[in-house]
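Before any comments, here is the structure.
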Amino acid sequence: MQGDGGRPAGRGLGRRFWTVWAAGTVSFLGDGVSAGAVPLLTVSLTQDPRLVALVDACAALGWLLLGLPSGVVVDRVDRLTLMWRVDVVRCAIAAGFAVLVLGGRVGLAMLLGVSLLLGLAAPFFDNAHSSVLPELVPGPELERANSLTQGSLLLSANLLGPPLGALSFVAASGAPFVANAVSFALGAGLVATCVHRRRAGAARPATAGVRAQLREGLAYLAGHRVLRTLSLVIGVVNAVSGAIFAVLVLYVIDELGLPEAAYGAMVATFAVGGVVGSVVTPWAIRRFGPRACALAPLVGFGAAALTLAVAKSVVVVVLASALAGGLSILWNVVALSYRQREVPGELLGRVTSVYRMVAFVGMPAGAVGAGVLAHAVGIRATYAAGGMLLLLTALLSIAPLRHLPTRDAGAVPG
C-alpha cells in the first residue's frame, strides 16, 4: 500500500512535521540528559552493582510490560493528543522528582519508582511518535522525515544529552532533572499546537477488545513476509548489538589497552556515524533503492563486528564503529518508511508495537549471551561469532526481502 486518503498530499514536510520534530527532539534531549545524570545519582545512593543495574532495568520494563498494549491505545485515540498528554504526565513526574533531588530527599526506592513510571510512559509516546508520521508528511517525503527524526534522536539522546546530564549533575545535582521536566513541558506545548489543525475523525473508536486488537496486529505482521522478515532481522541485529555493547567497556580497556575514559568516546563514535548517516540516507535510498539499502547494512554490520574481532588499531575500530552507526540509520529509515507505507493507518500502532517488542527483546538476550560466551571463549571470539551470525542473516534475508522496492518507494505516487 502506498498510502490512504488521510495522508497529506503534495511535497514538502510542512509545519506540523517540523513542530512535532522539534517536540520530539526536545523530549529526546531531556531523556539523554536524564540518562547521563541518573547513573551518577544512583552511585551516590548505593555502590551495590545489583541495585545500580536494577535502576536501569526499571526504566527498560516499560516496553516489556506495556509495549504491546500501547499499540492498541495508539490505534484507538488521536496520536498527537496522546503524545502531548503523555509528556504532561512525564513532566509532572520529572518535576516532582527534581524537587526531591533539590531538597536532598531522594532515596533509592524513590529513584527506582520514578525510573519505572517514566519507563511505563515511554512506549505510548514513542509508539505514537512513530505511527503519526504518515499523517503529517506526504508519502514521497517519508524517508527524509524519518532520517531527520532518527538523526535528532541520536544527536539529542545519545550524543549531546548524556554528557550534558553528567556535567550538570556535577555542577548542581538537581539541574539535569529540572531540565528533563522542562523538556517534557516544551514538548507537550509544541505538540498541543498541532492538534487543532488535525483532520476530522483522527480519533479511532474501539471496535473490538484489547486482546482481539492485539491479535489483529500480530496476525498482520506474522502474515506479511517482508515485515515479518524485517522484524526478525532487527531482533538478530539487536541481539548482536546488545552483545557488543555489553562487553564493550572490557574490549576498550583489556583488548585495546585504552583508559576507562575512552569508553565514552568509543560509544560516541557510533552516534557520530549515525548523525552523518541521517544526512546521507535519503540520497542513498534514492540512488540505490530500499532493497539494496536494507541488505547492505546487514553485510556492513557483520563486517564491522568482524573488524572489531581482529583489529589492533584504534583508528580502524573507530571507523568500524562510525560505519555501523551510519548503517543503523540507513536500515532504520528503510524499515520505518516501508512499514509506514505498507501497514493500514488503523493498524500501524499495533503492528509497530509488535515489531518493536521483537526488536527490544533481542538486546537483553544478546547482552546475557555475550557475558556467557565472552567468559568461555573471550571477547574477540564473541565479536567474531556475532559478525558471522549477521552475515548469515544477510544471506538468508535476500529471498524474503526481494519484494522490497528496487528504487525509491517515495517516488511512487500514493
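The sequence shown runs 43 to 456 under my numbering. Cβ coordinates follow ideal geometry from the N, Cα and C atoms, glycine included. Small disclaimer: the values here were computed from a predicted structure and weren't measured.
How many angstroms separate the CA atom of Leu175 from the CA atom of Ala310?
-> Along the sequence shown, one-based indexing puts residue 175 at 133. Along the sequence shown, one-based indexing puts residue 310 at 268. A straight line joining the alpha-carbon of Leu175 with that of Ala310 spans about 28 Å.
Pairing CB atoms from the region 364–383 with CB atoms from the region 79–86, are three or more of them under 8 Å?
-> Fewer than three Cβ pairs drawn from the region 364–383 and the region 79–86 lie within less than 8 Å of each other, which leaves the two stretches out of contact.
Write down every uninterrupted run of the alpha helix (DSSP H) in the region 117–170 whose length is 4 residues or greater and which is fully enclosed by it, in chain order.
-> Within the region 117–170, the runs of alpha helix (DSSP H) that reach at least 4 residues and sit entirely inside it are, in chain order, 121–144.
Identify whether Thr88 lies in helix, strand or coil by the three-state DSSP scheme.
-> For the purposes of this step, residue 88 is taken as residue 46 along the sequence shown, with counting starting at 1. Under the three-state reduction of DSSP output, Thr88 falls in the coil class, being neither helix nor strand.
To which residues of the same chain is Ser439 closer than 7 Å at the C-beta, ignoring the five residues directly before and after it?
-> Taking the sequence shown and counting its residues from 1, one reaches residue 439 at position 397. For Ser439, where only same-chain residues beyond five positions count, the Cβ hits under 7 Å are Thr271, Val275, Leu337, Leu340.
Would you report the Cα separation of Glu183 and Leu55, rounded to the nearest angstrom?
-> As a working note, residue 183 is residue 141 in the sequence shown. As a working note, residue 55 is residue 13 in the sequence shown. Straight-line spacing of the CA atoms in Glu183 and Leu55 works out to 7 Å.
Does the distance from the C-beta atom of Met399 to that of Leu110 stay below 8 Å?
-> By one-based count along the sequence shown, residue 399 stands at place 357. By one-based count along the sequence shown, residue 110 stands at place 68. Pairing Met399 with Leu110 gives a Cβ-Cβ distance under 8 Å.
Start-end ranges of the alpha helix (DSSP H) lying completely within the region 352–439, minimum 4 residues = Segments of the alpha helix (DSSP H) lying fully in the region 352–439: 356–384, 390–419, 421–439.
Specify, as a first and last residue, the run of the alpha helix (DSSP H) that Glu7 falls within.
-> Outside the modelled stretch of the chain, which goes from 43 to 456, sits residue 7, for which no answer is possible.
Option nearest Asp129 by Cα separation, candidates Leu153, Phe167, Leu178, Trp325 = Working through the sequence shown from its first residue, we reach residue 129 at position 87. Residue Phe167 is the option with its Cα nearest to Asp129.
Assuming Ala217 and Ala409 make a contact with CB atoms under 8 Å, what is their CB distance in whole Å?
-> As a first step, residue 217 is located in the sequence shown; it is residue number 175 there, counting from the start. As a first step, residue 409 is located in the sequence shown; it is residue number 367 there, counting from the start. Wrong, their Cβ atoms sit about 31 Å apart, outside the cutoff.
Buried versus exposed call for Arg241 [16 or more other C-beta atoms within 10 Å across all chains shown] | Here residue 241 corresponds to residue number 199 of the sequence shown, with the count starting at 1. Its pLDDT being 47, under 50, Arg241 is placed unreliably in this model, and the coordinates cannot settle the point.
Pick from Ser86, Leu122, Val116, Val97 that is closest to Thr61, judged by C-alpha positions = To locate residue 61, count along the sequence shown from 1; it is residue 19. It is Leu122 whose Cα lies nearest to the Cα of Thr61.
Enumerate, from N- to C-terminal direction, the unbroken beta strand (DSSP E) stretches of 3 or more residues contained entirely within the region 277–338.
-> If we require 3 residues or more, the region 277–338 turns out to have no beta strand (DSSP E) run fully inside it.
Alpha carbon of Ala221 to alpha carbon of Ala227, nearest angstrom | Taking the first residue of the sequence shown as 1, we reach residue 221 at position 179. Taking the first residue of the sequence shown as 1, we reach residue 227 at position 185. Looking at the two C-alpha atoms, the distance is approximately 10 Å.
Whole-angstrom distance between Leu300 and Thr235, CA atom to CA atom | Looking up residue 235 in the sequence shown gives position 193. Looking up residue 300 in the sequence shown gives position 258. When rounded, the separation of the alpha-carbon atoms in Thr235 and Leu300 is 49 Å.
Cβ neighbour criterion (16 or more within 10 Å) applied to Asp120 = Position 78 of the sequence shown, counted from the first residue, corresponds to residue 120. Counting other Cβ atoms within 10 Å of its Cβ, Asp120 reaches 16 or more and is therefore classed as buried.
Closest by C-alpha distance to Ala351, when choosing among Phe312, Gly411, Val419 = Counted from its first residue, the sequence shown places residue 351 at position 309. Checked all of Phe312, Gly411, Val419; the closest Cα to Ala351 is Val419.
What did DSSP end up calling Ser215 once you bin it into helix, strand or coil?
-> Taking the sequence shown and counting its residues from 1, one reaches residue 215 at position 173. DSSP places Ser215 in coil when its eight states are reduced to three.
Within its chain, find whatever has a CB closer than 7 Å to the CB of Leu153; leave out the 5 residues flanking it on each side and keep chain order.
-> Along the sequence shown, read from residue 1 onward, the residue named residue 153 stands at position 111. Apart from the 5 residues on each side of it in sequence, Leu153 sits with its Cβ closer than 7 Å to the Cβ of Leu83, Thr84, Leu87, Val97 in its chain, given in chain order.
Count the CB pairs spanning the region 315–332 and the region 354–370 that are closer than 8 Å, and state whether there are at least three.
-> A contact exists between the region 315–332 and the region 354–370.
Got a sec? Which residues, its chain only, sit under 7 Å from Gly207 by beta carbon, not counting five neighbours each side?
-> Position 165 of the sequence shown, counted from the start, is the residue given in the question as residue 207. Cβ within range, chain order: Gly74, Val75, Ser76, Ala77, Gly78, Ala79, Pro218.
Which of the three DSSP states, helix, strand or coil, is assigned to Gly243?
-> Sequence index remark: in the sequence shown, residue 243 carries index 201 (1-based). Only weak support exists for where Gly243 lies, its pLDDT of 41 falling under 50; the value from the coordinates is given anyway. Residue state, collapsed to three classes: coil.
Expected contact under 8 Å - CB spacing of Val233 and Ala65 to nearest Å | Position 191 of the sequence shown, counting from 1, holds the residue named residue 233. Position 23 of the sequence shown, counting from 1, holds the residue named residue 65. With 8 Å as the limit, Val233 and Ala65 qualify as a contact, their Cβ atoms being about 5 Å apart.
Sequence-distant residues of its chain with Cβ nearer than 8 Å to Val148 (five each side left out) | Sequence index remark: in the sequence shown, residue 148 carries index 106 (1-based). Result list for Val148: Leu83, Leu87, Phe139, Leu142, in chain order.
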